[in-house]
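Q: Protein chains in written order, with my numbering: chain A, 570 to 984; chain B, 570 to 984.
Where a beta carbon is used, it is the ideal one built from N, C-alpha and C, also for glycine.
2 protein chains.
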Amino acid sequence: MRTIKETGEAALAAKRELARLSAADKNNILLKCAAALRQNADAVIAANTADTENAKAAGIKPSLTDRLRLDVSRINAMAEGLEQVAALPEPTGEIFDMKTLPNGLVVGKKRVPMGVIGIIYEARPNVTSDAFGLCIKAGSAVILRGGKEAINSNKTTISIFREVIKGEGVNPDIVQLIEDTSRESATAMMKMNGYIDVLIPRGGAGLIRSVVQNATVPVIETGVGNCHVFVDKSAKLEDAVNIIVNAKAQRPSVCNAAETLLVHGDIAAEFLPAAAKALREKNVELRCDSEAAAYVGECVPATEEDWATEYLDYILAVKVVGGIDEAIDHIARYSTGHSEAIVSEDYTNCKRFTDEVDSAAVYVNASTRFTDGNEFGFGAEIGISTQKLHARGPMGLRELTTTKYIIYGNGQIRK
Amino acid sequence: MRTIKETGEAALAAKRELARLSAADKNNILLKCAAALRQNADAVIAANTADTENAKAAGIKPSLTDRLRLDVSRINAMAEGLEQVAALPEPTGEIFDMKTLPNGLVVGKKRVPMGVIGIIYEARPNVTSDAFGLCIKAGSAVILRGGKEAINSNKTTISIFREVIKGEGVNPDIVQLIEDTSRESATAMMKMNGYIDVLIPRGGAGLIRSVVQNATVPVIETGVGNCHVFVDKSAKLEDAVNIIVNAKAQRPSVCNAAETLLVHGDIAAEFLPAAAKALREKNVELRCDSEAAAYVGECVPATEEDWATEYLDYILAVKVVGGIDEAIDHIARYSTGHSEAIVSEDYTNCKRFTDEVDSAAVYVNASTRFTDGNEFGFGAEIGISTQKLHARGPMGLRELTTTKYIIYGNGQIRK
Numbered sequence: 570m571r572t573i574k575e576t577g578e579a580a581l582a583a584k585r586e587l588a589r590l591s592a593a594d595k596n597n598i599l600l601k602c603a604a605a606l607r608q609n610a611d612a613v614i615a616a617n618t619a620d621t622e623n624a625k626a627a628g629i630k631p632s633l634t635d636r637l638r639l640d641v642s643r644i645n646a647m648a649e650g651l652e653q654v655a656a657l658p659e660p661t662g663e664i665f666d667m668k669t670l671p672n673g674l675v676v677g678k679k680r681v682p683m684g685v686i687g688i689i690y691e692a693r694p695n696v697t698s699d700a701f702g703l704c705i706k707a708g709s710a711v712i713l714r715g716g717k718e719a720i721n722s723n724k725t726t727i728s729i730f731r732e733v734i735k736g737e738g739v740n741p742d743i744v745q746l747i748e749d750t751s752r753e754s755a756t757a758m759m760k761m762n763g764y765i766d767v768l769i770p771r772g773g774a775g776l777i778r779s780v781v782q783n784a785t786v787p788v789i790e791t792g793v794g795n796c797h798v799f800v801d802k803s804a805k806l807e808d809a810v811n812i813i814v815n816a817k818a819q820r821p822s823v824c825n826a827a828e829t830l831l832v833h834g835d836i837a838a839e840f841l842p843a844a845a846k847a848l849r850e851k852n853v854e855l856r857c858d859s860e861a862a863a864y865v866g867e868c869v870p871a872t873e874e875d876w877a878t879e880y881l882d883y884i885l886a887v888k889v890v891g892g893i894d895e896a897i898d899h900i901a902r903y904s905t906g907h908s909e910a911i912v913s914e915d916y917t918n919c920k921r922f923t924d925e926v927d928s929a930a931v932y933v934n935a936s937t938r939f940t941d942g943n944e945f946g947f948g949a950e951i952g953i954s955t956q957k958l959h960a961r962g963p964m965g966l967r968e969l970t971t972t973k974y975i976i977y978g979n980g981q982i983r984k
Numbered sequence: 570m571r572t573i574k575e576t577g578e579a580a581l582a583a584k585r586e587l588a589r590l591s592a593a594d595k596n597n598i599l600l601k602c603a604a605a606l607r608q609n610a611d612a613v614i615a616a617n618t619a620d621t622e623n624a625k626a627a628g629i630k631p632s633l634t635d636r637l638r639l640d641v642s643r644i645n646a647m648a649e650g651l652e653q654v655a656a657l658p659e660p661t662g663e664i665f666d667m668k669t670l671p672n673g674l675v676v677g678k679k680r681v682p683m684g685v686i687g688i689i690y691e692a693r694p695n696v697t698s699d700a701f702g703l704c705i706k707a708g709s710a711v712i713l714r715g716g717k718e719a720i721n722s723n724k725t726t727i728s729i730f731r732e733v734i735k736g737e738g739v740n741p742d743i744v745q746l747i748e749d750t751s752r753e754s755a756t757a758m759m760k761m762n763g764y765i766d767v768l769i770p771r772g773g774a775g776l777i778r779s780v781v782q783n784a785t786v787p788v789i790e791t792g793v794g795n796c797h798v799f800v801d802k803s804a805k806l807e808d809a810v811n812i813i814v815n816a817k818a819q820r821p822s823v824c825n826a827a828e829t830l831l832v833h834g835d836i837a838a839e840f841l842p843a844a845a846k847a848l849r850e851k852n853v854e855l856r857c858d859s860e861a862a863a864y865v866g867e868c869v870p871a872t873e874e875d876w877a878t879e880y881l882d883y884i885l886a887v888k889v890v891g892g893i894d895e896a897i898d899h900i901a902r903y904s905t906g907h908s909e910a911i912v913s914e915d916y917t918n919c920k921r922f923t924d925e926v927d928s929a930a931v932y933v934n935a936s937t938r939f940t941d942g943n944e945f946g947f948g949a950e951i952g953i954s955t956q957k958l959h960a961r962g963p964m965g966l967r968e969l970t971t972t973k974y975i976i977y978g979n980g981q982i983r984k
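1. S812/A CB to nearest chain B CB: under 9 Å?
2. Would the beta-carbon of R585/B fall within 9 Å of that of D927/A?
3. Just by C-beta distance, which residues in the region 655-676 of chain A are closer than 7 Å to chain B?
4. Which residues bound the beta strand (DSSP E) around A886/B?
5. Excluding sequence positions up to five away, which residues of its chain have a Cβ less than 8 Å from the Cβ of D640/B?
6. Name the chain A residues that come within less than 8 Å of Q782/B, Cβ to Cβ?
7. On the DSSP letters alone, give me the boundaries of the alpha helix (DSSP H) that I986/A sits inside.
8. Please classify G775/B: is it buried, with 16 or more other beta-carbons within 10 angstroms of its beta-carbon, or exposed?
9. Pop quiz: Y864/A and L841/A are said to be a contact at Cβ under 8 Å. What is the actual Cβ separation, rounded to whole angstroms?
10. Which stretch, first to last residue, makes up the beta strand (DSSP E) that contains I727/B?
11. Using 9 Å as the threshold, is the C-beta distance between V889/A and E909/A below it?
12. Along the chain, where does the beta strand (DSSP E) containing R856/B start, and where does it finish?
13. Tell me which residue opens and which closes the beta strand (DSSP E) that D666/B is part of.
14. Touching or not, the region 933-952 of chain B and the region 627-639 of chain B, by the rule of three or more beta carbon pairs under 8 Å?
15. Assuming E737/B contacts N609/B (C-beta within less than 8 Å), just tell me the rounded distance between them.
16. In whole angstroms, what is the alpha-carbon distance linking R638/A and T621/A?
17. So, is the C-beta of Q819/B closer than 9 Å to a C-beta in chain A?
18. What is the DSSP secondary structure of M964/B, counted as helix, strand or coil?
19. Among T917/A, I573/A and V786/A, which one has its Cα closest to the Cα of S803/A?
20. Using the beta-carbon of each residue, which ones in chain A are nearer than 9 Å to A930/B?
21. Identify the continuous beta strand (DSSP E) that holds Y977/A and give its terminal residues.
22. The alpha helix (DSSP H) with T829/B in it runs from where to where?
23. How many angstroms separate the CA atom of K760/A from the CA atom of F701/A?
24. At what residues does the beta strand (DSSP E) containing N934/B begin and finish?
25. Listing by chain order, which chain A residues have their CB less than 7 Å from the CB of M683/B?
26. Given a cut-off of 9 Å on the beta-carbon distance, is the pair V912/A and I813/A in contact?
27. Compare the C-alpha of A757/B against each of I573/B, A692/B and R983/B and name the closest.
28. Taking CB distances under 9 Å as the criterion, tell me whether R983/A reaches chain B.
29. Quick one: what's got a C-beta closer than 6 Å to F665/A's C-beta in the same chain, skipping five residues either side?
30. Show which residues of chain A have a CB atom less than 8 Å away from the CB atom of N762/B.
31. When you compare the CB positions of T576/A and Q745/A, do they come within less than 9 Å of one another, or not?
32. Whole angstroms are fine: how far does the CA of N795/A sit from the CA of S904/A?
33. State the Cα-Cα distance for the pair Y883/B and V823/B, rounded to the nearest angstrom.
34. For R902/B, count the other beta carbons within 10 Å of its own beta carbon; 16 or more makes it buried, fewer makes it exposed. Which is it?
35. Can you name the residues of chain B whose CB is closer than 7 Å to the CB of F947/A?
36. Using only CA atoms, which one of S722/A, E649/A and V767/A lies nearest to V788/A?
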């Protein structure tokens with residue numbers, strides 16, 4: 570097993586070879602990896618069975634074991650994911666903003682690979698192939714560190730990919746798995762300065778917090794979404810009901826699901842009974858401030874903590890507000906900066922909401938559930954950034970690249 | 570004196586007010602601050618005199634005291650800097666990449682302020698007004714923390730700016746100075762998650778290392794430049810001599826100055842004696858590998874450490890290489906990823922150098938000294954990023970902004 574330093578050195582050597590590959594070479598590797606994954610599905614499933622049995626023996630709860638489980642259909646989905654990424658346009662090589670300076674220097678930017686990308690994740694073994702595909706297509710070597718629950722699945726998957734890469738005459742260290750799943754190896758990975766150019770955590774709030782607190786390499790913070798829907802006085806009520814039901818209940822476990830409903834006081838008496846009925850039909854529990862409670866019948870009183878909670882569950886906090894100002898203030902105070910929506914027919918309020926709400930994605934008259942790389946047309950995504958550096962919102966292939974300046978002269982020196 | 574938390578809360582309140590100001594309002598504040606700085610030059614100089622006297626009493630070395638000193642001409646330069654920034658185009662508000670998705674959603678990006686920018690710096694009091702001007706123009710509240718040597722100068726400067734801002738009816742907390750100059754206050758600032766959106770260190774390698782190691786907020790790493798010039802076999806020798814002399818000796822104390830000269834073996838006998846003569850006329854000490862030493866006469870033998878050193882001084886490491894491959898390998902191993910140049914008439918080698926050298930700025934036949942926001946035509950710069958996230962190379966106003974997605978619907982929900 571390689572040390573962290575050996576892993577880093579191997580990635581540095583491999584990244585230069587990878588950066589020189591043509592788009593066709595990279596796509597060929599991805600397609601062959603997809604084929605090899607399908608051909609070796611039995612081996613992956615055998616490794617995964619060991620993982621799920623270990624998880625059961627360790628008393629891990631069924632919802633987690635379900636995320637961990639691979640079957641033929643999930644392995645096919647992983648292979649299809651690689652094929653889809655292979656089919657996307659090449660993200661590097663573009664040269665732009667080229668201009669001639671008064672001194673004759675020609676200066677422009679070229680889109681180039683990051684170099685080495687680190688991905689740290691939890692029990693989902695499909696992240697292994699998804700992250701591999703996106704990083705390789707973006708021209709960067711990738712160092713993966715998945716959770717201990719999926720270690721056998723991950724080792725088998727990565728060894729299949731590395732065999733393919735070697736068979737194509739390319740350095741297999743363009744992808745490496747950190748096989749030590751101790752907490753120490755995770756912390757060491759977060760401090761691989763000089764080796765890792767960007768570290769992206771994919772997982773729950775605890776993992777993300779740990780990476781933000783401990784990493785000394787650049788990090789892209791992803792995912793935590795305390796998302797809001799504000800129903801304004803002028804909202805079309807049927808749209809508003811559909812949007813909050815969709816934003817909350819279509820898939821409550823994901824980061825772009827809504828967690829708090831804010832309702833203009835002037836429309837609360839009309840809107841809230843209808844919304845409550847539709848939400849309860851989807852088994853959503855309502856946690857209301859006293860004013861909202863008056864319109865929805867029996868419900869749990871909301872506490873200060875509810876406004877700040879990402880439930881990821883069939884629970885919705887509900888608050889009646891005096892208008893757009895109070896709605897924007899509430900969002901400024903409690904939002905995690907992921908996705909927020911206004912439902913309104915009022916032009917000025919829609920404009921103010923999009924101008925003043927400081928989140929990665931701000932919606933007018935649509936569900937927050939659309940904040941997603943596939944929905945936005947990127948073809949694939951590595952995660953959703955909730956920070957403001959580099960990438961904000963869904964991150965596709967382009968967000969996994971960087972730029973460099975190239976400057977052509979004919980002997981210029983600085984005066 | 571405010572606590573760090575109070576400073577953060579004040580910035581959060583002020584950033585929303587600042588984000589709503591028009592470009593004209595922001596420019597008006599900057600111009601009035603410039604005028605106030607000129608009018609109150611005496612007060613700033615008095616405060617600065619206290620700083621320089623404290624520095625002398627503390628036995629601080631003259632080169633540092635020189636950086637610390639303000640006189641009328643330096644204060645005029647600070648005021649002019651604010652006026653220049655006011656004259657630059659507004660960096661926020663642009664809406665781009667707008668498209669209509671198949672479901673009718675209209676999705677695009679809007680360029681918006683970061684929110685709150687933190688700047689941590691050392692003894693140069695002019696950074697106080699430079700950073701203030703750029704951050705405010707970019708629409709972000711700014712929290713400044715300068716070195717203890719300049720505390721009186723900084724307090725006086727910031728209090729002048731805050732009076733102007735208050736006089737314009739704007740919340741003066743759009744700029745705050747952390748007056749506690751203890752190490753603890755610096756560390757606390759580096760962990761202002763939830764308040765500071767990006768922290769930019771401006772100073773020497775020690776400060777930058779400390780920020781990278783300790784910060785939990787997103788950081789842009791700036792500045793350290795172990796820059797290389799490679800003189801290829803086909804180089805025009807006169808250009809090559811001019812370029813290395815300029816890159817090394819025009820201003821050796823800055824990050825875009827060259828630190829290592831790499832010379833193709835086939836041209837070393839002809840080029841190195843001429844280069845050594847010209848460099849020595851500028852009092853540059855040469856530290857050579859044994860092959861280079863044979864052509865330059867008496868010199869210091871280079872050690873492994875020399876290849877990795879950013880001298881920031883009249884010292885140059887010199888190495889003879891077998892050709893472009895060895896040059897690129899050497900740069901890959903020792904460079905800090907700032908600026909590198911090739912001097913060559915060989916098309917393929919020039920192309921390979923720009924393709925394969927992984928630095929923020931890669932030059933063909935020009936001095937590395939051009940890596941600078943003003944030289945590149947940005948009008949001003951906050952620093953030079955040597956990391957790959959968000960911004961790489963000189964950072965102007967645009968690099969101090971972020972984007973958000975805005976999405977216009979008419980009732981869309983996710984299927």
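A: With the given structure in hand:
1. One point to set straight first is that residue 812/A is Ile, not Ser, in the sequence displayed. Yes, because at least one Cβ of chain B sits closer than 9 Å to the Cβ of I812/A.
2. yes
3. L670, L674 and V676
4. I884 to V890
5. I614
6. T785
7. The structure shown does not extend to residue 986/A, since chain A is modelled only from 570 to 984, so the question has no answer here.
8. exposed
9. 4 Å
10. Element bounds for I727/B: not the beta strand (DSSP E) but the alpha helix (DSSP H), I720 to G736.
11. no
12. E854 to C857
13. I664 to T669
14. no
15. The Cβ separation is near 16 Å, so there is no contact.
16. 7 Å
17. yes
18. strand
19. T917/A
20. V676, K973, Y974, I975 and I976
21. T970 to Q981
22. No alpha helix (DSSP H) holds T829/B; the beta strand (DSSP E) holding it covers A827 to H833.
23. 21 Å
24. A930 to A935
25. K957
26. yes
27. I573/B
28. yes
29. K678
30. V781
31. yes
32. 5 Å
33. 11 Å
34. exposed
35. The premise fails here: F947/A is roughly 11 Å from chain B at the closest Cβ pair, so nothing lies under 7 Å.
36. V767/A
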